[in-house]
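K.L.:
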Amino acid sequence: MRLALAEARLAHDTDDVPIGAVVLDADGTVLAHGRNEREKDADPTAHAEIVAIRRAAAVRGDWHLSDTTLVVTLEPCLMCAGAILAARIPRVVFGAWDEKAGGAGSVYDLLRDRRLPHRVEVVPEVLAAESTELLRDFFERRR
């Protein structure tokens, strides 16, 4: 999570919301990392999770990430939850809850929806205070 937080802090350089993500392999080795790049790339899909998942798939040369863990500073939204399921990522660890648009247990729980063929282990609130503070500071400066 500390690596994801460090990645999130880099988003300040492009005025993106400070969210960072890291994809780890089964041994805990970092495959890829990402941060929000929506403002930087003018791309509404450039969420930290999507960026990290795309990079991990490129490193692997395979979209199946079935032995990985995604670590992200904010609960994934529905779009990111869909990408996590599509990539077959079995475990997601996140920091802060997203009470407005979360897709992993707060507003929706897509990652553990029993109607879907794949379910994800969700580990919430890892370094939640640090993740929340980073986001709060960002939005306070924007006001």
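Just so it is clear: in the sequence shown, position 98 is 753 by the working numbering, and no numbers are missing.
Beta carbons: idealized from backbone N, C-alpha and C, even for Gly.
Check whether the region 765 to 775 touches the region 709 to 716, taking contact to mean three or more Cβ pairs, one atom from each stretch, closer than 8 Å.
P.N.:
Short answer: they don't touch.
K.L.:
Pro745 and Ser761: beta carbons closer than 8 Å?
P.N.:
For Pro745 and Ser761, no; Cβs fall outside 8 Å.
K.L.:
Rounded to the nearest angstrom, how far is the Cβ of Val702 from that of Cys732, given a contact under 8 Å?
P.N.:
According to the sequence as given, residue 702 is His; it is not Val. So it is a contact: roughly 7 Å between Cβ atoms.
K.L.:
Give me, in chain order, the residues of the same chain whose beta-carbon lies closer than 8 Å to that of His667; leave out the 5 immediate sequence neighbours on both sides.
P.N.:
Here the set comprises Pro673, Phe793.
K.L.:
DSSP state of Glu776, grouped into three classes?
P.N.:
It is a strand residue.
K.L.:
Exposed or buried, which one is Gly757 when buried takes at least 16 other CB atoms within 10 Å?
P.N.:
Flag for Gly757 reads buried.
K.L.:
Cutting at 8 Å between CB atoms, please list the residues of its own chain near His719, excluding the five before and the five after it.
P.N.:
Only Ala742, Arg743 meet the Cβ criterion.
K.L.:
Can the beta-carbon of Val748 be found less than 8 Å from the beta-carbon of Val726?
P.N.:
Closer than 8 Å, so yes.
K.L.:
Are the beta-carbon atoms of Gly675 and Ala697 separated by less than 8 Å?
P.N.:
Contact flag unset, no.
K.L.:
Below 8 Å on the Cβ atoms is my guess for Pro779 versus Glu730; work out the distance and round it to an integer in Å.
P.N.:
Right, the Cβ-Cβ distance comes to about 7 Å (below 8 Å), so this counts as a contact.
K.L.:
Between Leu665, Thr787, Glu795, which lies nearest to Thr728 when the distance is taken from Cα to Cα?
P.N.:
Answer by Cα proximity: Thr787.
K.L.:
Three-state secondary structure (DSSP) at Arg770?
P.N.:
Arg770 falls in the coil class under three-state DSSP.
K.L.:
Could you tell me if Ala659 is buried or exposed, where buried requires 16 or more neighbouring beta carbons within 10 angstroms of its beta carbon?
P.N.:
By the neighbour-count rule (16 or more Cβ atoms within 10 Å), Ala659 is buried.
K.L.:
Closest by CA to Arg657, which one among Glu795, Arg797, Leu789, Arg796?
P.N.:
Taking only the C-alpha atoms, the option nearest Arg657 is Leu789.
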